[in-house]
Structures are given as C-alpha cells and as structure tokens.
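Undergrad: If you scroll down you'll find the structure; I have some questions about it.
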Amino acid sequence: MSTPVVLYEQEYEQLKRVITRLCADANAKFVFLVDKNGQQIAAHGEMLNLDTTSLASLTAGNVAATDGLAHLIGERGFPVLSHEGERDNLHISIVATRVILVIIFDERSSLGLVRLRVKRATAEMNSIFEVIDTKVERERDMGISLDSPFAEITEEDIDALFN
Amino acid sequence: MTFINYASREINCKIVYYGPGLGGKTTNLQYIYDSTAAQSKGKLISLATETDRTLFFDFLPLDLGTVRGFKTRFHLYTVPGQVFYDASRKLILKGVDGMVFVADSQRERMDANIEAIFNLEANLKQHGYDLMKVPYVLQLNKRDLPNVVSASDLTAELSRKGEPVFEGVANRGVGVFDTLKAVAKQVLLELRKNGGG
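Chains A and B are the protein sequences, given in the same order.
Residues in the first sequence are numbered from 812 upward in steps of one, following the numbering used here.
Residues in the second sequence are numbered from 438 upward in steps of one, following the numbering used here.
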C-alpha cells in the first residue's frame with residue numbers, strides 16, 4: 812500500500828493564501844486545488860454553490876484521461892488544459908507533479924492573464940509542497956507518528972460508523 | 438492513496454468496485470446512494486453511454502461520520518466493465534485504498550469473472566499494488582437468478598486470499614452494505630497499521 816498524502820495546517824494556510832491572491836490577481840471566479848487522485852485540497856472563490864467534490868473527481872479523471880492520451884502519442888503529458896465555454900472557462904494545470912490547479916474565469920479575465928498569474932502562483936506552491944514532502948519524510952525517518960487519529964482506532968469505532 | 442487533511446480534520450479514502458461488464462457495480466453504488474441520508478452523500482456522478490453502460494466511471498462521495506475527531510469520507514468509484522475499456526479502467530485504479538470485486542454469479546459469466554480478476558491483478562501491478570496486500574472484498578452478485586453457480590464453487594474459483602465474501606442481490610440491496618462495511622473496515626485498519634503516516 813502506498814503512504815497517505817498528508818496536509819498540515821500551516822501549509823494549508825499558506826496554500827489558501829496563494830490561491831486567494833491568485834483568484835484576485837487573475838480576476839477569476841474560482842480557484843481550486845485537487846490532488847491527482849481526486850481529493851480536494853483547497854478552494855477559494857465566489858461560486859458558493861459549486862459542487863467541489865464532484866469537480867475534484869471529474870478534474871482528476873479528466874487529467875488522467877488526457878495523460879493517457881499523451882502517452883499514446885509519445886508525450887509525457889499535457890501540463891496545461893484549457894476549456895472554453897459560452898460564459899465560463901476552465902484552466903487546468905499541474906503543480907508539483909501531483910497536484911492539479913483549476914481556475915474558473917469569465918469575460919472579466921482572459922486566458923493570457925490567467926496563464927501569467929498561474930505561473931507565479933505555481934512556483935510558490937511548488938515550494939510549499941516541497942516543504943510538506945520534507946516534513947513527511949523527516950517525521951517518517953525519525954519514526955515519529957503523525958499523531959494519526961487512526962493509530963488507536965478500535966473495531967468498535969468502525970462498527971459505530973455504520974450504525 | 439488516503440488523503441489526511443489536518444487543517445480541515447478530514448480523511449478521504451478511495452474504494453473501487455471492479456468486475457465484469459453488467460455484473461452490478463453501478464447497481465451497488467446506486468443502491469448505496471438511494472438508501473443513504475441526503476446529508477451523508479454527495480452527487481452520484483455517472484459517466485455512461487446512452488444505453489447506461491459505464492463509459493469512464495461512476496463516483497459517489499460518502500460521509501461515514503467522525504472517528505476520533507476526523508471526518509471520514511469514502512470516495513466510491515466503479516470502473517467500466519466491458520473488456521475494451523481497459524485503458525480507462527487502469528486510470529481509475531490510481532491511488533486506490535480498497536477494492537471490491539463484484540462477480541456475476543450466472544453460469545455463463547464465469548469466464549468473464551475470471552478474465553476480470555486476472556485483469557484486476559495485472560492492472561494493480563502496473564500501479565505498483567499487489568492484490569494480496571490491498572484491502573479487498575469479493576461480492577457474489579445476482580444470487581436471485583435461476584442459473585447461478587453455487588456460492589462455494591464461485592468462491593473456490595474467484596477467491597484470492599481468504600478475503601471476506603458476501604452473497605448479493607445488488608438491485609434489492611442484499612449484501613451491498615455488508616460489502617461496503619467489510620472493505621471500509623479493512624481500509625481503516627490498514628491506516629492503523631501504518632500509523633496513519
């Protein structure tokens with residue numbers, strides 16, 4: 812089994828700050844971070860009723876399918892995807908090789924502006940994810956438990972979930 | 438791959454329903470969706486063809502409740518069962534935490550079951566997983582049909598490692614939650630084994 816992906820509070824706050832600023836700088840409606848397995852990491856924007864869980868899983872499926880297409884034609888991947896709609900548009904790009912950044916924008920912004928702002932934000936987020944990786948590795952090397960809520964889970968706890 | 442978010446105090450796990458085409462994978466998810474309270478579930482997404490055959494995947498997010506202060510959320514996926522959708526099937530296994538194999542008990546689907554299990558083992562291997570180590574449950578579906586192989590013969594043929602086996606009639610909900618519970622339990626106990634990190 813692979814090791815779990817972990818997100819700590821401190822880095823979560825930093826990521827939140829980056830996407831909040833990105834949303835403002837790019838004049839976007841919504842900015843969203845999701846891991847490649849479809850788990851939502853952070854979100855910011857004005858689209859309050861958006862179903863972010865579905866957005867996360869469909870984005871991950873979309874990126875996985877496009878990566879599959881890329882491999883078929885001998886490409887390593889398509890790091891940027893862009894979908895143009897009648898009102899809203901989607902810009903999808905990869906951060907730190909395993910995280911997907913999604914931006915929803917309308918006519919108040921433009922693809923050029925979004926791409927420009929994404930570039931800077933991506934560099935910042937890459938460093939934050941590097942810090943998370945280092946932290947996880949260090950704690951694992953030192954044998955420190957990550958204070959997991961599941962370290963002492965009992966079968967009764969699990970049974971209770973289904974009652 | 439389990440995702441532990443200490444900021445929002447959430448743990449997300451991914452469970453994939455695998456098996457031959459028309460075996461009842463989507464029906465399992467549909468039953469779970471229909472019988473779960475609105476506040477515990479998200480939208481059931483089905484990327485299907487016009488004839489309701491799964492094209493890419495079905496997806497159902499499910500909140501099971503809180504364990505030790507952490508919200509426990511399971512993301513349930515199905516794969517397309519038809520043989521020629523193998524490329525899509527492979528993609529969905531990425532980051533899986535637990536597997537359910539939904540077997541079709543009808544005599545004439547035995548070969549399809551066996552082919553699908555071999556396919557599962559091969560595709561897991563490509564992602565670096567070993568079926569022997571992944572939390573895994575076998576469901577023998579369609580037990581209400583007249584032309585079924587006996588449960589013991591099916592188990593003998595399809596069981597890989599003494600995994601929990603449940604007889605099911607997914608369209609009536611028989612065995613559906615037992616299956617889900619058994620796989621969820623294994624996933625959570627796996628987290629305990631790994632210390633969550």
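Glycine is no exception: its CB is placed at the ideal position from the N, C-alpha and C atoms.
Given the structure is predicted, the values throughout are model-derived calculations rather than measurements.
Look at B/I529 and B/V516 and say whether their C-beta atoms are less than 7 Å apart.
TA: Contact: yes.
Undergrad: Out of B/I551, B/E487, B/T509 and B/G565, which one is the CA nearest neighbour of B/S596?
TA: The shortest C-alpha separation from B/S596 is found at B/I551.
Undergrad: Please list the terminal residues of the continuous beta strand (DSSP E) segment that includes A/F841.
TA: Element bounds for A/F841: F841 to D846.
Undergrad: Can you tell me the Cα-Cα spacing of B/Q467 and A/L927, whole angstroms?
TA: Computed Cα separation, rounded: 43 Å.
Undergrad: Under a CB-based cut-off of 7 Å, is A/N848 close to chain B?
TA: Taking Cβ atoms only, chain B reaches closer than 7 Å to A/N848, which makes this a yes.
Undergrad: Could you please tell me which residues of the region 480–500 of chain B, in chain order, have their CB closer than 7 Å to any CB of chain E?
TA: The structure shown has no chain E; the protein chains it does contain are A and B.
Undergrad: B/R526 lies in the alpha helix (DSSP H); which residues open and close that run?
TA: Counting along the chain, the alpha helix (DSSP H) containing B/R526 begins and ends at D523 to I529.
Undergrad: Below 8 Å on the Cβ atoms is my guess for B/F555 versus B/S525; work out the distance and round it to an integer in Å.
TA: Not really, about 18 Å apart at Cβ, beyond 8 Å.
Undergrad: Would you give the residue range spanned by the alpha helix (DSSP H) that A/H882 belongs to?
TA: A/H882 -> alpha helix (DSSP H) spans T863 to L883.
Undergrad: Suppose the cutoff is 8 Å on Cβ atoms and the five residues either side in sequence are ignored; what does the same chain contact list for A/V929 look like?
TA: Excluding sequence neighbours, A/V929 sits near L833, A837, H902, S904, L912 and I914.
Undergrad: Would you mind listing the beta strand (DSSP E) stretches within the region 572–625 of chain B that are 3+ residues and don't spill past its ends, in chain order?
TA: The region 572–625 of chain B contains these whole beta strand (DSSP E) runs: 573–578 and 602–604.
Undergrad: Less than 8 Å between the CB atoms is what I'm expecting for B/Q576 and B/G612, so what's the real figure, rounded?
TA: That pair is a contact at about 6 Å.
Undergrad: Are there 16 or more other CB atoms within 10 angstroms of the CB of B/G565, so buried, or fewer, so exposed?
TA: Flag for B/G565 reads exposed.
Undergrad: For B/T509, which of helix, strand or coil comes out of DSSP?
TA: B/T509 falls in the strand class under three-state DSSP.
Undergrad: Should B/F440 go down as buried or exposed, given a rule of 16 or more other Cβ atoms within 10 Å for buried?
TA: Classification of B/F440: buried, given that the 10 Å Cβ count is 16 or more.
Undergrad: I need the boundaries of the beta strand (DSSP E) containing A/A853, first residue and last residue.
TA: Looking at the DSSP string, the run of the beta strand (DSSP E) that includes A/A853 is Q851 to G856.
Undergrad: Shorter than 7 Å from the beta carbon of A/P976 to some beta carbon of chain B?
TA: Outside the shown range of chain A (812 to 974) lies residue 976 of chain A, about which nothing can therefore be said.
Undergrad: What residues in the region 498–517 of chain B bring their beta carbon closer than 7 Å to a beta carbon of chain A?
TA: Listed by position along the chain: P498, L501, G502, V504, R505, G506, F507, T509 and H512.
Undergrad: Near B/T473, which residues of its chain fall below 7 Å by C-beta distance, leaving aside the five closest residues on each side in sequence?
TA: Closer than 7 Å at the Cβ level, and outside the excluded window around B/T473, lie L499.
Undergrad: Can you tell me which of the three DSSP states B/D500 falls into?
TA: Strand at B/D500.
Undergrad: Can you name the start and end residues of the beta strand (DSSP E) that B/D541 belongs to?
TA: Note, B/D541: beta strand (DSSP E), G535 to D541.
Undergrad: Quick one: Cα of B/T488 to Cα of B/K531, how far?
TA: Approximately 27 Å between the Cα atoms of the pair.
Undergrad: Rank B/S542, B/V453 and B/D471 by C-alpha distance to the C-alpha of B/G460 and give the top, closest one.
TA: The option with the nearest alpha carbon to B/G460 is B/S542.
Undergrad: Between the alpha carbons of A/A962 and A/Q850, how many angstroms are there, rounded?
TA: Taking the straight line from one Cα to the other gives about 22 Å.
Undergrad: Kindly indicate if chain B contains any beta-carbon less than 7 Å away from that of A/F940.
TA: False, the Cβ-Cβ gap to chain B never drops below 7 Å.
Undergrad: Is there a C-beta anywhere in chain A that falls below 7 Å from the one on B/A524?
TA: For B/A524, the answer is yes, since a Cβ of chain A falls inside 7 Å of its Cβ.
Undergrad: Under the three-state reduction of DSSP, which class applies to B/L557: helix, strand or coil?
TA: Of the three classes helix, strand and coil, the one that applies to B/L557 here is helix, per DSSP.
Undergrad: Any idea which residues DSSP pairs B/E447 with across the strands?
TA: B/E447 is bridged to B/N442 and B/K508.
Undergrad: Going by the beta-carbon positions, is the gap between B/A621 and B/N578 smaller than 7 Å?
TA: No, they are not a contact pair.
Undergrad: When DSSP builds the beta bridges, which residues end up paired with B/A485?
TA: Looking at the DSSP assignment, B/A485 forms a beta bridge with B/T491.
Undergrad: Mapping DSSP to helix, strand and coil, what is B/K480?
TA: Here B/K480 sits in coil by DSSP.
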